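**Q**
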DNA sequence: CAAGATGTATAGCAAAGGCTATATAGCCCG
DNA sequence: CGGGCTATATAGCCTTTGCTATACATCTTG
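Chains as they are written, first to last, in the working numbering: chain A, 9 to 124; chain B, 9 to 124.
See the structure below:
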């Protein structure tokens with residue numbers, strides 16, 4: 009979950025000027041608000057985000073790094089799925105599921121395939 | 009987890025003549041014995057396995073169907089990963105992680121790729 | 001056939017990730 | 001500047017998947 013959260017926060021940061029709020033995550037993830045609040049507490053505990061009470065959710069340096077790495081992995085997988093003929097709709101969804109379970113070795117094979 | 013368990017039981021059935029026992033799953037999954045027992049209770053509740061108390065673990069018809077479908081999916085993914093150049097060691101492990109998260113659509117794309 | 005080894009069951013605990021209901025803080029507007 | 005709306009926090013509950021410690025049953029073997 010941690011990766012999903014930081015990746016999402018990272019993306020949302022790029023889409024809205026005045027910061028990411030809990031409610032944005034609630035909407036994007038389609039879960040109940042207390043679920044997001046609780047998860048953010050864990051992420052905070054793990055040093056991935058910083059939450060201004062009742063205000064914005066910010067990524068720490070560590071969180072941002074993880075987000076960038078996750079996003080890159082995500083995009084590699086989406087590109088790869090598209091390349092083997094998976095329609096765009098499914099590619100996005102499947103990548104979400106897959107991205108936390110592929111080794112660096114398999115990612116390399118995907119990149120190799122893409123640059124063939 | 010359900011799929012992992014029934015798939016494993018199904019495979020172990022083929023490897024040993026006198027039935028699958030809890031201890032076989034404990035060893036294969038590398039978890040503590042009470043974890044397996046408890047999970048088997050849930051699978052039993054869900055009608056996937058039948059447990060002879062202190063004896064064998066059997067698949068129900070429903071469990072066997074799920075196991076076969078899971079195994080087939082697993083093998084498709086392993087073959088596919090091997091085909092794009094992932095070494096055998098990683099292919100097995102990654103397939104385990106991936107197999108619960110790919111849509112039928114993506115599986116079809118993999119099969120298409122394999123029969124190209 | 002009794003002991004010890006092996007296997008299984010049971011009790012109790014924890015963390016993650018969900019939920020609902022409710023309280024409270026902050027913001028905007030009349 | 002007070003009320004209401006919106007956002008966030010808090011309390012309390014649930015299930016899954018893990019664990020350890022311990023009790024009990026079964027099997028094997030001397």
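The beta carbon of each residue, even a glycine, is placed where N, CA and C say it ideally should be.
Model, not experiment: these values are computed from the prediction.
If you draw a straight line from the alpha carbon of residue 90(A) to that of residue 14(B), how long is it in whole angstroms?
**A** 32 angstroms
**Q** To the nearest angstrom, how far is it from the Cα of residue 99(A) to the Cα of residue 36(B)?
**A** Taking the CA atoms as reference points, residue 99(A) sits about 32 angstroms from residue 36(B).
**Q** Could you pull out every unbroken alpha helix (DSSP H) segment of at least 4 residues lying fully inside the region 41-100 of chain B, listed in chain order?
**A** 41-53, 69-91
**Q** How big is the Cα-Cα spacing for residue 76(A) and residue 122(A)?
**A** 20 angstroms
**Q** Of the choices 25(B), 67(B), 22(B), whose alpha-carbon is the least far from that of residue 11(B)?
**A** 67(B)
**Q** State the Cα-Cα distance for the pair residue 46(B) and residue 20(B), rounded to the nearest angstrom.
**A** 19 angstroms
**Q** Ends of the alpha helix (DSSP H) at residue 22(A)?
**A** 10-23
**Q** Confirm the yes/no value for this check: CB of residue 57(A), any heavy atom of the ligand SAH, distance under 6 angstroms.
**A** As far as ligands go, the structure on display features none, and thus does not contain the ligand SAH.
**Q** I'd like to know whether the C-beta of residue 111(B) is nearer than 7 angstroms to at least one C-beta of chain A.
**A** It does: the Cβ of residue 111(B) has a partner Cβ on chain A nearer than 7 angstroms.
**Q** Around the C-beta of residue 78(A), are 16 or more other C-beta atoms found within 10 angstroms, so that it is buried, or is it exposed?
**A** buried
**Q** Would you call residue 107(A) buried or exposed, if buried means 16 or more other Cβ atoms sit within 10 Å of its Cβ?
**A** buried
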